[in-house]
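Right, one structure below, let's go through it.
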């Protein structure tokens, strides 16, 4: 009787474990120091990462969730259609994301398709990720220049207080990007230390506040670039509805700022 | 009610700030002169030719006047550098299109006043600034800031963004928006029922709003209680459109009489 062939090559459990640990550790060691550390893997963070990594900038995105993409998977009211205002569709076009015109100046795309394409574009550009990793603090050097972040495993936060004595670790970088959305975690940490004062949200006076977010995107403090909804929190800009054009364009603007600053350095 | 004309300005000086989205300021000026016989002068962009060191100072002042929390009394803050840089870019670009920040109206008026008068205020002339920026004033009754269309004084401010955003749209518009319907689609559904940016009716509507500062000079009161009069203080878009372009008359009999008196060479 002939021996039955298995579909997959037999590999022992220990080899699987070794492959995971080895691969993760190698990458982690390499990215303990990077050019740019992006906190938050939502649309604006992914866009910054994609644009700078494609220019050869060594980039690591820290994401507290297991999944990357933030709110870009779904639009308003948990409906998985995402909208962008003109000229946001130019980025959809560039990333090969299918979209349709909803009305004059407004375009709609499938959230899962748009988000997965953006993540793939960031990966293809060379961005690396540390997911399930939560931002804990900033690393500051002389003159309070931001030059890295202190991070920990996300689950540590969920553990009972008695057993959360897991010390975090520090990652160093030339630039840190706060793309943590409404929370603006990095900016808030500087605020806690009395280095920066955030303004909180303004009222939603107008439907069109996306321009303001893009216009205010940039370096909020030496070494710290703020993008996406964190910009609105930092500068007290009006809240926005669920349109993602500003997130993508803000990410692009943030990337331009980083590239210009790196050129000067 | 005081129908005595106690002040007639020597001239009407029209300034603008930012892209006015199709507003024909010449046409507004001609209308004001036709109604009052007071000559008008187009002064152009309020920040034009401002020296660099002044731009820096004005930008910082503007950044300080942002209303951060409309539910709280205004407190002067220390702006972040990016906020000042934003204002500098706005000052340097005469056709700046971006708006959405709510500025503290009275402080905003003071900044504009300093730009126009650079010293002693000229109370004999009527200065009106048309801006595309939003400003608001504190309402003591409900203890919060409200966006405004206009603010009277020296100078008078009229906000085009305020005209679009401050008077309320139909209630159903907000209910449907709350349910998650796209604003663009709602604008299509309610087309014509409120003013939007770039609206072809904007110049005609603003002619009436520009008459309000003049009545502030003539009688001390820019408003009228008659919803058919162009001086009606509208709180709903429907009222704006009715009083400015859909009313029985341009001005109610009382205000029409004041204008007639003025054209005859009324008292000063």
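Protein chains in written order, with the numbering used here: chain R, 1 to 265; chain D, 266 to 533. Ideal placement from N, C-alpha and C gives every residue a C-beta, glycine not left out.
Between D:456, D:397, D:389, D:527, which has its C-alpha nearest residue 419 (chain D)'s C-alpha?
The sequence position of residue 419 (chain D) within the second chain is 154, counting from 1. Comparing Cα-Cα distances from residue 419 (chain D) to each of D:456, D:397, D:389, D:527, the minimum goes to D:389.
Taking three-plus beta-carbon pairs below 8 Å as touching, is the stretch 269-282 of chain D in contact with the stretch 308-326 of chain D?
yes
From residue 415 (chain D) to residue 171 (chain R), what distance separates their C-alpha atoms?
Along the second chain, read from residue 1 onward, the residue named residue 415 (chain D) stands at position 150. Along the first chain, read from residue 1 onward, the residue named residue 171 (chain R) stands at position 171. Straight-line Cα distance between these residues: approximately 52 Å.
Run through DSSP, which three-state label would residue 112 (chain R) get?
Within the first chain, numbered from 1, the residue matching residue 112 (chain R) stands at position 112. The answer is helix: DSSP assigns residue 112 (chain R) an H, G or I state.
Is there a Cβ of chain R sitting closer than 9 Å to that of residue 334 (chain D), yes or no?
Taking the second chain and counting its residues from 1, the one referred to as residue 334 (chain D) is at position 69. Chain R contact via Cβ: present.
Minimum C-alpha distance to residue 492 (chain D) - residue among D:518, D:478, D:485
Here residue 492 (chain D) refers to the residue found at position 227 when the second chain is read from its first residue. Looking at the Cα atoms, D:518 is the closest of the given residues.
Among all the DSSP beta bridges, which residues are the ones paired with residue 140 (chain R)?
Here residue 140 (chain R) refers to the residue found at position 140 when the first chain is read from its first residue. Answer is R:146, bridged to residue 140 (chain R).
Between residue 286 (chain D) and chain R, is the shortest Cβ-Cβ distance under 9 Å, so that the two count as touching?
Position 21 of the second chain, counting from 1, holds the residue named residue 286 (chain D). No, residue 286 (chain D) does not count as interfacial toward chain R.
Measure the Cβ-Cβ separation of residue 47 (chain R) and residue 254 (chain R) and say whether it is below 9 Å.
For the purposes of this step, residue 47 (chain R) is taken as residue 47 along the first chain, with counting starting at 1. For the purposes of this step, residue 254 (chain R) is taken as residue 254 along the first chain, with counting starting at 1. Cβ distance < 9 Å, so residue 47 (chain R) and residue 254 (chain R) count as in contact.
Can you look up residue 35 (chain R) in the DSSP assignment and give me helix, strand or coil?
Taking the first residue of the first chain as position 1, residue 35 (chain R) is located at position 35. DSSP places residue 35 (chain R) in strand when its eight states are reduced to three.
Residues near residue 498 (chain D) by beta carbon distance below 7 Å, same chain, minus five either side:
What you label residue 498 (chain D) is simply residue 233 of the second chain in a count that begins at 1. Result list for residue 498 (chain D): 488, in chain order.
Would you say residue 206 (chain R) reaches chain D, if we count a Cβ-Cβ gap shorter than 9 Å as a contact?
Reading the first chain from its first residue, position 206 is the one you call residue 206 (chain R). Low per-residue confidence applies at residue 206 (chain R): pLDDT is 48, beneath 50, and the placement is therefore not dependable, though the value from the model is reported in the following sentence. Yes - at least one Cβ of chain D is within 9 Å of the one on residue 206 (chain R).
Take residue 407 (chain D) as the anchor and find which of D:338, D:438, D:360, D:378 has the nearest alpha-carbon.
Taking the first residue of the second chain as position 1, residue 407 (chain D) is located at position 142. Checked all of D:338, D:438, D:360, D:378; the closest Cα to residue 407 (chain D) is D:338.
Would you kindly report the start and end of the unbroken alpha helix (DSSP H) that includes residue 323 (chain D)?
As a first step, residue 323 (chain D) must be located in the second chain, where it is residue number 58. Residues 317-329.
Using the three-state DSSP reduction, which class does residue 410 (chain D) fall into: helix, strand or coil?
To locate residue 410 (chain D), count along the second chain from 1; it is residue 145. Strand, per DSSP.
Flag this pair as touching only if the stretch 369-389 of chain D and the stretch 343-361 of chain D have three or more C-beta atom pairs under 8 Å; answer yes or no.
No, the stretch 369-389 of chain D does not touch the stretch 343-361 of chain D.
Quick check: the Cα distance between residue 327 (chain D) and residue 156 (chain R), rounded to an integer number of angstroms?
Numbered from its first residue, the second chain carries residue 327 (chain D) at position 62. Numbered from its first residue, the first chain carries residue 156 (chain R) at position 156. Distance between the alpha carbons of residue 327 (chain D) and residue 156 (chain R) is about 44 Å.
At a CB distance below 9 Å, what residues from the stretch 222-254 of chain R approach chain C? Give them in sequence order.
Looking for chain C here will not work: the only protein chains present are R and D.
List the endpoints of the continuous beta strand (DSSP E) containing residue 308 (chain D).
Residue 308 (chain D) sits at position 43 when you count from the first residue of the second chain. Start and end: 305-310.
Meets three-Cβ-pair contact criterion under 8 Å: the stretch 389-405 of chain D and the stretch 421-432 of chain D:
yes
Distance between residue 335 (chain D) and residue 410 (chain D) (C-alpha atoms, nearest Å):
Here residue 410 (chain D) corresponds to residue number 145 of the second chain, with the count starting at 1. Here residue 335 (chain D) corresponds to residue number 70 of the second chain, with the count starting at 1. Using only the alpha carbons, I get a separation of about 5 Å.
So within the stretch 353-400 of chain D, which uninterrupted alpha helix (DSSP H) runs reach at least 4 residues, ignoring any that extend past its ends?
370-382
Taking Cβ to Cβ, would you say residue 187 (chain R) is nearer than 9 Å to residue 149 (chain R)?
Indexing the first chain from 1 puts residue 187 (chain R) at position 187. Indexing the first chain from 1 puts residue 149 (chain R) at position 149. No; because the gap between Cβ atoms is not below 9 Å, this pair is not in contact.
What would DSSP say about residue 211 (chain R), mapped onto helix, strand or coil?
For the purposes of this step, residue 211 (chain R) is identified with residue 211 of the first chain, where counting begins at 1. Residue state, collapsed to three classes: helix.
With 9 Å set as the bound, which would you pick, yes or no: does the beta-carbon of residue 367 (chain D) sit closer than that to a beta-carbon of chain R?
In the second chain, counting from the first residue as 1, residue 367 (chain D) sits at position 102. The beta carbon of residue 367 (chain D) sits closer than 9 Å to some beta carbon of chain R.
Can you tell me where the alpha helix (DSSP H) with residue 282 (chain D) in it begins and where it stops?
Your numbering for residue 282 (chain D) matches position 17 in the second chain. Segment 277-282 is the beta strand (DSSP E) holding residue 282 (chain D); no alpha helix (DSSP H) there.
Which residue wins for smallest C-alpha separation from residue 110 (chain R), given the options R:184, R:249, R:244?
For this step, residue 110 (chain R) is matched to residue 110 along the first chain. Among R:184, R:249, R:244, the Cα nearest to that of residue 110 (chain R) is on R:244.
So which residues of chain R does residue 347 (chain D) contact, with C-beta pairs closer than 7 Å?
Counted from its first residue, the second chain places residue 347 (chain D) at position 82. Neighbours of residue 347 (chain D) on chain R, chain order: 216, 218, 220, 235.
Could you say which of R:20, R:90, R:5, R:15 lies nearest to residue 108 (chain R) if we only look at CA atoms?
To locate residue 108 (chain R), count along the first chain from 1; it is residue 108. Among R:20, R:90, R:5, R:15, the Cα nearest to that of residue 108 (chain R) is on R:90.
Could you list the residues in the stretch 164-186 of chain R with a C-beta less than 7 Å from some C-beta on chain D, going in chain order?
none
In chain order, what are the residue ranges of uninterrupted beta strand (DSSP E) at least 3 long that sit wholly in the stretch 38-124 of chain R?
As far as the stretch 38-124 of chain R is concerned, its whole beta strand (DSSP E) runs of at least 3 residues are 59-63, 81-85, 100-103, 106-110.
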